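**Student:** Pasting a structure below so you can have a look.
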Amino acid sequence: MQLFGSGDGAAEASLPEWSSVLHAMPIPAALVRSTGEVLAANRWLDVEPGDLLLEPETGPLGATLRFGAQKSRWRVRPVEQDGSVLLATGEREDAGDHLLRKFFSSGDSLFVVYDQAGQIIQSNAAWEALLGYTSDQVFGLDSWTLLPEDDLETRDRVEKELRAFGRSEPTFQMRTADGSYRLVEWALHFDMSVGRCFGIGRDVTEQERVTAELEWRAFHDQLTGLANRARLVDRLGTVLEEGGSPALLFCDLDRFKVVNDSLGHQAGDALLTRLAGRLASIGLGPDALLARFGGDEFVLLLEDGDEDRATRAAEQLLACLEAPFLVAGRPIHVTMSIGISIAAGSPNRSADGLLDDADTAAYAAKSQGRERLVVFDERLRAQAKRRFDVEAGLRRAMRDGHIQPLFQPIVALPGGGIVGAEALVRWKQGDHYLSPGQFLDVAQDAGLMAEIGQIVADASIEAAAALAEAGRPLPLSINMSDAELKSPDICTWMAERVASAGLDPSSILIEITESAVLATDEAMPVLERLRSHGFRLGLDDFGTGFSSLAHLRELPINVVKVDRSFVADLVDDHVTRAVTASLVELCHALDLDVIMEGIETADQAAAVEQIGGSKAQGFLFHRPMPIEDLASLVTGGRIGNKRPPIETTDPARVRTRPAAAMPATARP
Ligand code: C2E
Ligand code: CA
Ligand code: CA
Numbered sequence: 002m003q004l005f006g007s008g009d010g011a012a013e014a015s016l017p018e019w020s021s022v023l024h025a026m027p028i029p030a031a032l033v034r035s036t037g038e039v040l041a042a043n044r045w046l047d048v049e050p051g052d053l054l055l056e057p058e059t060g061p062l063g064a065t066l067r068f069g070a071q072k073s074r075w076r077v078r079p080v081e082q083d084g085s086v087l088l089a090t091g092e093r094e095d096a097g098d099h100l101l102r103k104f105f106s107s108g109d110s111l112f113v114v115y116d117q118a119g120q121i122i123q124s125n126a127a128w129e130a131l132l133g134y135t136s137d138q139v140f141g142l143d144s145w146t147l148l149p150e151d152d153l154e155t156r157d158r159v160e161k162e163l164r165a166f167g168r169s170e171p172t173f174q175m176r177t178a179d180g181s182y183r184l185v186e187w188a189l190h191f192d193m194s195v196g197r198c199f200g201i202g203r204d205v206t207e208q209e210r211v212t213a214e215l216e217w218r219a220f221h222d223q224l225t226g227l228a229n230r231a232r233l234v235d236r237l238g239t240v241l242e243e244g245g246s247p248a249l250l251f252c253d254l255d256r257f258k259v260v261n262d263s264l265g266h267q268a269g270d271a272l273l274t275r276l277a278g279r280l281a282s283i284g285l286g287p288d289a290l291l292a293r294f295g296g297d298e299f300v301l302l303l304e305d306g307d308e309d310r311a312t313r314a315a316e317q318l319l320a321c322l323e324a325p326f327l328v329a330g331r332p333i334h335v336t337m338s339i340g341i342s343i344a345a346g347s348p349n350r351s352a353d354g355l356l357d358d359a360d361t362a363a364y365a366a367k368s369q370g371r372e373r374l375v376v377f378d379e380r381l382r383a384q385a386k387r388r389f390d391v392e393a394g395l396r397r398a399m400r401d402g403h404i405q406p407l408f409q410p411i412v413a414l415p416g417g418g419i420v421g422a423e424a425l426v427r428w429k430q431g432d433h434y435l436s437p438g439q440f441l442d443v444a445q446d447a448g449l450m451a452e453i454g455q456i457v458a459d460a461s462i463e464a465a466a467a468l469a470e471a472g473r474p475l476p477l478s479i480n481m482s483d484a485e486l487k488s489p490d491i492c493t494w495m496a497e498r499v500a501s502a503g504l505d506p507s508s509i510l511i512e513i514t515e516s517a518v519l520a521t522d523e524a525m526p527v528l529e530r531l532r533s534h535g536f537r538l539g540l541d542d543f544g545t546g547f548s549s550l551a552h553l554r555e556l557p558i559n560v561v562k563v564d565r566s567f568v569a570d571l572v573d574d575h576v577t578r579a580v581t582a583s584l585v586e587l588c589h590a591l592d593l594d595v596i597m598e599g600i601e602t603a604d605q606a607a608a609v610e611q612i613g614g615s616k617a618q619g620f621l622f623h624r625p626m627p628i629e630d631l632a633s634l635v636t637g638g639r640i641g642n643k644r645p646p647i648e649t650t651d652p653a654r655v656r657t658r659p660a661a662a663m664p665a666t667a668r669p
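Per the numbering used here, the very first residue in the sequence shown carries number 2; after that it's consecutive.
Here is the structure:
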């Protein structure tokens, strides 16, 4: 039977049935004769059978009935076909009530009225729509049964607040008819005088979902789902504030770049995800938080960790990487370097301080040969400070023109005539030079490699132009790091520099290493563009690290520089000698020029000659020297300040030559 439907359905019921219907209705209702006499009324209505109601009048919402002096408004519909009996339903309305009713029934706000027992007396369409109940299902429903079973606490709290203050503003989950839940924010008001609780609610499910998603994103790494840097720093800060003694494990993957660059970023991402899963699956205790800190860096926070526990955890992490990962169908072996910092006893008890220390220790683990753990100590702090000082000094030196190349001649064999020179960067400090080994690692970490490369290239192009102008053009080599190979501008920049110096690009040999080419996807196109601009390319340090004979064919190179480790063994080790001989032969067959590096003894020079090497570089012939010495050597002092030629293979001589003696054209 339809209680709240249109009048048509209602009219079908017979009179005795109607009286029981009246009692089930959630709102004041009465059966009334067309004369206004009450036949029956339900418990919500304070009238007796026989009481007289005023004549109905017709309004826009149907007939209304005047009810005594209270002027209540009623909805009236006929029950008998002839209209002799009417059903009057409605609520007493005081002034402004219909506005309230409008408000009540329109919009998204949820309204509910329930009695002291928690039974729902009235709800609006928005409430019913949200929870998926029809109004007849709602009436008399115990509102608390809509809360999740385990949420007894909310009910307790709300009832207490309503009793004490008459109001409560809880937010809780409500079960819908289909069994799902919506989160609703309520303002509940309990009116003691009528024994009713009135609630206005708002569905905040979506809002909460979005907020939760944003919060999740703010504190998690999207790729791996691990905590992110922000979350880690936040948690670490809290632990420290609360006086805990946390330990940090800074885990830096070894050579991840190579994997990423050789297999592609997708494979790299897949590897990181799988790796994160494996690291997270080791049971490290409830106080452990594993975060992805940066590209290939993970940090494990042990909220309560001494050196023992941290070391054991690090060993577990290293051990879990022993089995290879299967990525893009191939097994990949991953190792990492772990740096540990312990808050207990550290003078650096801040989140940043501990992270820095762990990072420094990881750096030390890396430089000690990777795949190991290093616990931070004060000695490392001193080292880190040195790096910091070196970086600051390096920036100053770059600005002040103290970063400049020396040039080491390349000679022809036999004979030793100078056929070129390689620019090797130095840091000039007073009367001596620092060699690249003493500062390039810092430059690399500080992101200064590209800029240093430009300084050297600039100086070398100027030097080549000066030599050409003096009538003794000499091919010069410059070393290009992966940082430079990443920049597409480098080609245009080099081409413009060479053109404005009036040089032929083929007089510049750009030396690159295989690892620099492998380190970035951008390298190959850059190499091809450099080639197409007319520069010559040389593969440096061949025979170390990643060397592959295939690269000799595939890379757009003109020259191969065979690493000095080959030359060192050439005299005594007949296997090396045989290998080097076939390497030289292969290069020549591929029309590649070969330069043997690091010749220190006459025996080595002889051996190089014997296996067919025709170009060489090494201390036996010349050490790196300032440009004016090189100029003197090749021109007989015909450029710059026209000093007499000086053979400067004496390193002491090289180092003490004042910068003022350099020709203006060759000064970096
Ligand atoms: P490299 O390109 O292999 O340069 C040759 C290195 O071998 C130079 O060291 C040179 O002084 C040294 N050397 C030459 N002959 C001999 C020898 O007979 N015996 C021995 N023991 N060593 C010899 P240097 O100048 O210390 O440079 C080291 C490395 O630093 C270079 O290796 C190169 O990789 C890098 N480097 C130097 N200058 C630059 C630069 O301007 N840019 C870039 N990106 N890297 C540079
Ligand atoms: Ca080189
Ligand atoms: Ca080399």
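Glycine included, C-beta positions come from ideal geometry on N, C-alpha and C. All values reported here derive from a predicted model rather than from experimental measurement.
1. Could you tell me the distance, in whole angstroms, from the CA atom of Arg310 to the CA atom of Leu147?
2. Could you pull the start and end residues of the alpha helix (DSSP H) that Glu242 belongs to?
3. Hey, is Asp542 close to ligand 3, as in C-beta under 6 Å from one of its heavy atoms?
4. Mapping the DSSP letters down to three states, classify Tyr134 as helix, strand or coil.
5. Apply the 10 Å Cβ neighbour rule to Ser478 and answer buried if 16 or more other Cβ atoms are within range, or exposed otherwise.
6. Buried or exposed: where does Trp128 fall if 16 or more other Cβ atoms within 10 Å of its Cβ makes it buried?
7. Let's test the definition: count the other Cβ atoms within 10 Å of the Cβ of Gln71 and tell me whether it reaches 16, buried, or not, exposed.
8. Can you tell me whether Met1 is helix, strand or coil according to DSSP?
9. With C-beta atoms as the reference, is Gly133 less than 7 Å away from Asp179?
10. Sort Leu285, Asp255 and Leu264 by Cα distance to Leu249 and report the nearest one.
11. From this set, Ser482, Tyr434 and Thr336, which residue's C-alpha is nearest Leu317's C-alpha?
12. Between Glu392, Glu372 and Asp358, which lies nearest to Asp378 when the distance is taken from Cα to Cα?
13. Under three-state DSSP, which class holds Val443?
14. Which word fits Leu550, buried or exposed, when buried means at least 16 other C-beta atoms lie within 10 angstroms of its C-beta?
15. Taking only the alpha-carbon atoms, compute the straight-line gap between Glu308 and Arg532 and give it to the nearest angstrom.
16. Along the chain, where does the alpha helix (DSSP H) that runs through Thr636 open and close?
17. Is Pro410 closer than 7 Å to Leu425 when the C-beta atoms are compared?
18. Under the three-state reduction of DSSP, which class applies to His534: helix, strand or coil?
19. Quick check: the Cα distance between Pro646 and Arg380, rounded to an integer number of angstroms?
20. Let me confirm a value: His266 is counted as buried when at least 16 other C-beta atoms fall within 10 Å, else exposed. Which label applies?
21. Note down the Cα distance separating Ala398 from Ala444, rounded to an integer number of angstroms.
22. If distances are taken between C-alpha atoms only, which option among His190, Leu291 and Arg313 comes closest to Asp222?
23. Output the distance between the C-alpha atoms of Asp630 and Thr636, rounded to the nearest integer angstrom.
24. Please list, in chain order, all residues of the same chain as Gly354 whose beta carbon is under 6 Å from its beta carbon, the five residues on each side excluded.
25. So the alpha helix (DSSP H) Cys588 belongs to, where does it begin and stop?
26. Counting C-beta neighbours from all protein chains within 10 Å, is the total for Gly370 16 or more, i.e. buried, or is it exposed?
27. With DSSP collapsed to three states, give me the class of Leu553.
28. For ligand 2, is there a heavy atom less than 6 Å away from the beta-carbon of Glu512?
29. So, are the CB atoms of Glu485 and Gly438 less than 7 Å apart?
30. Between which two residues does the alpha helix (DSSP H) carrying Met450 extend?
31. Assuming Gln384 is part of the beta strand (DSSP E), what are its boundary residues?
32. Just grab the DSSP bridge partners of Ile600 for me.
33. From the DSSP secondary-structure annotation, give me the bridge partner or partners of Gly200.
34. The beta strand (DSSP E) that contains Gly295, what's its start and end?
35. If you measure from the CB of Asn349, is any heavy atom of ligand 1 nearer than 6 Å?
36. Does the separation of the CB atoms of Asp490 and Ala517 fall below 7 Å?
**Tutor:** For this structure:
1. 48 Å
2. First-last of the alpha helix (DSSP H) with Glu242: Arg230 to Glu242.
3. With a cutoff of 6 Å, Asp542 counts as near ligand 3, since its C-beta is closer than that to a heavy atom of the ligand.
4. coil
5. buried
6. buried
7. Its pLDDT being 43, under 50, Gln71 is placed unreliably by the model, and the measurement read from it follows with that caveat. Its Cβ having fewer than 16 others within 10 Å, Gln71 is exposed.
8. There is no way to answer for residue 1, as the model of the chain reaches only from 2 to 669.
9. yes
10. Answer by Cα proximity: Leu285.
11. One detail in the question is off: residue 317 reads as Gln in this sequence, not Leu. Taking only the C-alpha atoms, the option nearest Gln317 is Thr336.
12. Asp358
13. helix
14. exposed
15. 54 Å
16. Ile628 to Thr636
17. no
18. coil
19. Note that Pro646 scores a pLDDT of 34, beneath 50, so its modelled location is shaky; the value from the coordinates is reported in the next line. Approximately 48 Å, taken between the alpha carbons.
20. exposed
21. So the two alpha carbons sit approximately 12 Å from each other.
22. Leu291
23. Cα-Cα distance, rounded: 10 Å.
24. none
25. His575 to Ala590
26. exposed
27. helix
28. yes
29. Contact flag unset, no.
30. Met450 to Glu470
31. From DSSP, Gln384 is part of no beta strand (DSSP E) but of the alpha helix (DSSP H) over Glu379 to Arg400.
32. Beta-bridge pairing links Ile600 to no other residue.
33. Val113 and Leu189
34. Ala289 to Gly295
35. Incorrect: Asn349 has no Cβ contact closer than 6 Å to ligand 1.
36. no
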